[in-house]
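Undergrad: Let me begin by handing over the structure; questions about it come next.
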Amino acid sequence: MGVCASELKYLVRPAKVDQTLTLLVRHAVEGRVDDVRAMLQRKPKLVKAVDRFGMSALHWACYAGKLPCVTALLEAGANVQQTDTNMRNALHHACRKGHLGTIQLLLTTYRMDVNRQSGNGDTPLHKAVLAGSPGATLLLLYYGADPTLQNSNCENAVQEVQAKIAQTIARSRRNPGAVIAAPMASMAAVVQASTTLEPHHEGTVNETSNNTAESEAEATAVEPFHEKPTPPVSLQAAKRSTKRLLRASTTKVILSIRQKQALGQYELIAHIFTVYTEKATRPTAGIEWRRLLEEYTPVRL
1 MGVCASELKY LVRPAKVDQT LTLLVRHAVE GRVDDVRAML QRKPKLVKAV DRFGMSALHW
61 ACYAGKLPCV TALLEAGANV QQTDTNMRNA LHHACRKGHL GTIQLLLTTY RMDVNRQSGN
121 GDTPLHKAVL AGSPGATLLL LYYGADPTLQ NSNCENAVQE VQAKIAQTIA RSRRNPGAVI
181 AAPMASMAAV VQASTTLEPH HEGTVNETSN NTAESEAEAT AVEPFHEKPT PPVSLQAAKR
241 STKRLLRAST TKVILSIRQK QALGQYELIA HIFTVYTEKA TRPTAGIEWR RLLEEYTPVR
301 L
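So the sequence shown is residues 1 to 301, counted in UniProt numbering.
Structure representation (structure tokens):
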């Protein structure tokens, strides 16, 4: 965590903070709730300390989705309404990764504003859409999020997801998938090189005594069996080229799979917005809305 090693300061007044806040944030992000409680007992003021991004240990715990640590920090006096330098609060950070348990805790127990906008106008719903989280989107809409609120780019959450769908499709066209033929062709070249670099020697039927003597003399100069001959340079180069092509091909495959998964998530979020707007007028949309809530969120109707 590079940010944990940043220069730290207190929110209330400028002060030099030691590396204990870095350790507190690390414990919170890793979910070590006992260590978090122990540190806060020794140094209670750490609960109000922030890093150079204005993020407190509570912000980091919400971002990581470590619910026990979030609860421990709030019980120790962390300000649930505290914002970072971008005016993002704990709910914004929980929605950035779609942590449903943390989102539900902040909305139900601590009554956070579901439509609070950050410095660039993003609501928690914007963050959930950008995270590609259908569950967080459903949960926020269930607790009253307004999908029509616009950010500084004049985009609401519905427009945001449409933009992400278009962006993901454009990226997938630039990366249509892995090209397996090239590595396989290179592998064939390696096999061919390995078979052609060493000529095939055929023994003669009529061997003279001189040839026999020469072979016996050469037998005394045979290299030890444990010393492996160095492969020809051209064969080594072909193998290295094949490995590079295989790595590039694997990277393209992984990227293609991730893009397809992201596209599926964004399309599901777009479907959620459609169902949300139609559930009051179309009975089947209401049934679909309840099904989605029970499938993707902890809400049970």
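Even glycine gets a Cβ: it sits at the ideal position worked out from N, Cα and C. In this text the structure is predicted, and so the values were computed from the model without any measurement.
(1) Can you round the beta-carbon distance between His92 and Ser118 to whole angstroms, since I take them to be within the 8 Å contact cut?
(2) Pick out whichever of Arg26, Met87, Asn79 has its Cα sitting closest to the Cα of Ala61.
(3) For the alpha helix (DSSP H) containing Cys95, list its first residue and its last residue.
(4) Is DSSP giving Val47 helix, strand or coil here?
(5) Measure the alpha-carbon distance for residue 354 versus Glu288 and round it to whole angstroms.
(6) Give the DSSP bridge partners of Ser56, in chain order.
(7) Report the three-state DSSP secondary structure of Gln104 (helix, strand or coil).
(8) How many Å lie between Val161 and Thr123 at the Cα?
(9) Please classify Arg173 as buried or exposed, where buried requires at least 16 other C-beta atoms within 10 Å of its C-beta.
(10) Helix, strand or coil: how does DSSP classify Glu285 here?
(11) What's the call for Lys164, buried or exposed, on a 16-neighbour Cβ count within 10 Å?
(12) Count the other CB atoms, across all protein chains shown, that sit within 10 Å of the CB of Thr297; report buried if there are 16 or more and exposed otherwise.
(13) For Val80 and Thr242, I'd like the C-alpha separation in whole angstroms.
(14) Taking the beta carbon of Gln265 as the centre, do at least 16 other beta carbons fall within 10 Å, making it buried, or is it exposed?
(15) Using DSSP with H/G/I as helix, E/B as strand and the rest coil, what is Glu294?
(16) Tell me the DSSP secondary structure of Asp122 in three-state form.
(17) Have a look at Glu278 and His271 and give me their C-alpha separation to the nearest angstrom.
(18) So what does DSSP say about Leu138, is it helix, strand or coil?
(19) Which residue wins for smallest C-alpha separation from Arg171, given the options Pro134, Ser56, Gln259?
(20) Does DSSP classify His27 as helix, strand or coil?
(21) Express the C-alpha separation of Tyr276 and Arg282 in angstroms, rounding to a whole number.
(22) Straight-line CA distance for Arg290 to Thr108?
(23) Looking only at C-alpha atoms, which of Val29, Val114, Leu293, Asn156 sits nearest to Tyr143?
(24) Under 7 Å Cβ to Cβ from Cys104, same chain only, skipping five residues before and after it: list those, please.
(25) To the nearest angstrom, report how far apart Leu73 and Gln19 are at their CA atoms.
(26) Does the beta-carbon distance from Ala76 to Val33 come in below 8 Å?
(27) Is it buried or exposed for Ser56, if we count other Cβ within 10 angstroms and need 16 for buried?
(28) Please list, in chain order, all residues of the same chain as residue 323 whose beta carbon is under 7 Å from its beta carbon, the five residues on each side excluded.
(29) For the ligand SAH, any of its heavy atoms closer than 7 Å to the Cβ of Ile103?
TA: So, from the data block:
(1) Position 92 of the sequence shown, counted from the first residue, corresponds to residue 92. Position 118 of the sequence shown, counted from the first residue, corresponds to residue 118. Rounded, the Cβ-Cβ distance is 6 Å, consistent with contact.
(2) Locating residue 61 in the sequence shown gives position 61, where the first residue counts as 1. Arg26 is the residue among Arg26, Met87, Asn79 whose C-alpha sits nearest the C-alpha of Ala61.
(3) Taking the first residue of the sequence shown as 1, we reach residue 95 at position 95. Counting along the chain, the unbroken alpha helix (DSSP H) around Cys95 starts and ends at 90-96.
(4) In the sequence shown, counting from the first residue as 1, residue 47 sits at position 47. Helix at Val47.
(5) No answer is possible for residue 354: the residues shown for the chain start at 1 and end at 301.
(6) The residue labelled residue 56 in the question sits at position 56 within the sequence shown. DSSP, once it has assigned bridges, lists Val50 as partnering Ser56.
(7) Here residue 104 refers to the residue found at position 104 of the sequence shown. DSSP places Gln104 in helix when its eight states are reduced to three.
(8) In the sequence shown, residue 161 corresponds to position 161, counting from 1. In the sequence shown, residue 123 corresponds to position 123, counting from 1. One C-alpha to the other measures close to 14 Å.
(9) Locating residue 173 in the sequence shown gives position 173, where the first residue counts as 1. Exposed, because fewer than 16 other Cβ atoms sit within 10 Å of the Cβ of Arg173.
(10) In the sequence shown, residue 285 corresponds to position 285, counting from 1. Looking at the sequence provided, one finds Ala at residue 285 rather than Glu. Annotated three-state conformation of Ala285 is helix, per DSSP.
(11) Here residue 164 refers to the residue found at position 164 when the sequence shown is read from its first residue. So Lys164 ends up on the buried side.
(12) Translated into positions along the sequence shown, residue 297 becomes position 297. Buried is the call here.
(13) Looking up residue 80 in the sequence shown gives position 80. Looking up residue 242 in the sequence shown gives position 242. For the pair Val80 and Thr242, the Cα-to-Cα distance works out to about 54 Å.
(14) Reading the sequence shown from its first residue, position 265 is the one you call residue 265. By the neighbour-count rule (16 or more Cβ atoms within 10 Å), Gln265 is buried.
(15) Counted from its first residue, the sequence shown places residue 294 at position 294. Here Glu294 sits in helix by DSSP.
(16) Residue 122 sits at position 122 when you count from the first residue of the sequence shown. Reduced to three states, the DSSP call for Asp122 is coil.
(17) The residue labelled residue 278 in the question sits at position 278 within the sequence shown. The residue labelled residue 271 in the question sits at position 271 within the sequence shown. Spanning the two alpha carbons is a distance of roughly 11 Å.
(18) Taking the sequence shown and counting its residues from 1, one reaches residue 138 at position 138. DSSP places Leu138 in helix when its eight states are reduced to three.
(19) Position 171 of the sequence shown, counted from the start, is the residue given in the question as residue 171. For Arg171, the closest alpha carbon among the candidates Pro134, Ser56, Gln259 is that of Gln259.
(20) As a position in the sequence shown, residue 27 is number 27, starting the count at 1. Reduced to three states, the DSSP call for His27 is helix.
(21) Taking the first residue of the sequence shown as position 1, residue 282 is located at position 282. Taking the first residue of the sequence shown as position 1, residue 276 is located at position 276. One Cα belongs to Arg282, the other to Tyr276, and the distance between them is close to 10 Å.
(22) Here residue 290 corresponds to residue number 290 of the sequence shown, with the count starting at 1. Here residue 108 corresponds to residue number 108 of the sequence shown, with the count starting at 1. Arg290 and Thr108: Cα-Cα distance of roughly 19 Å.
(23) Along the sequence shown, one-based indexing puts residue 143 at 143. With respect to the C-alpha of Tyr143, the residue from Val29, Val114, Leu293, Asn156 having the closest C-alpha is Val114.
(24) Taking the sequence shown and counting its residues from 1, one reaches residue 104 at position 104. Note on identity: in this sequence residue 104 is Gln, with Cys being the wrong assignment. So the qualifying residues of the chain are Leu139, Pro298.
(25) Translated into the one-based positions of the sequence shown, residue 73 becomes position 73. Translated into the one-based positions of the sequence shown, residue 19 becomes position 19. As the crow flies, the alpha-carbon of Leu73 is around 18 Å from that of Gln19.
(26) Within the sequence shown, numbered from 1, the residue matching residue 76 stands at position 76. Within the sequence shown, numbered from 1, the residue matching residue 33 stands at position 33. Cβ atoms of Ala76 and Val33: not closer than 8 Å.
(27) The residue given as residue 56 occupies position 56 in the sequence shown. Residue environment for Ser56: buried (at least 16 other C-beta atoms within 10 angstroms of its C-beta).
(28) Not covered by the structure: residue 323. The range shown for the chain is 1 to 301.
(29) Among the components modelled here there is no ligand, and therefore nothing to report on the ligand SAH.
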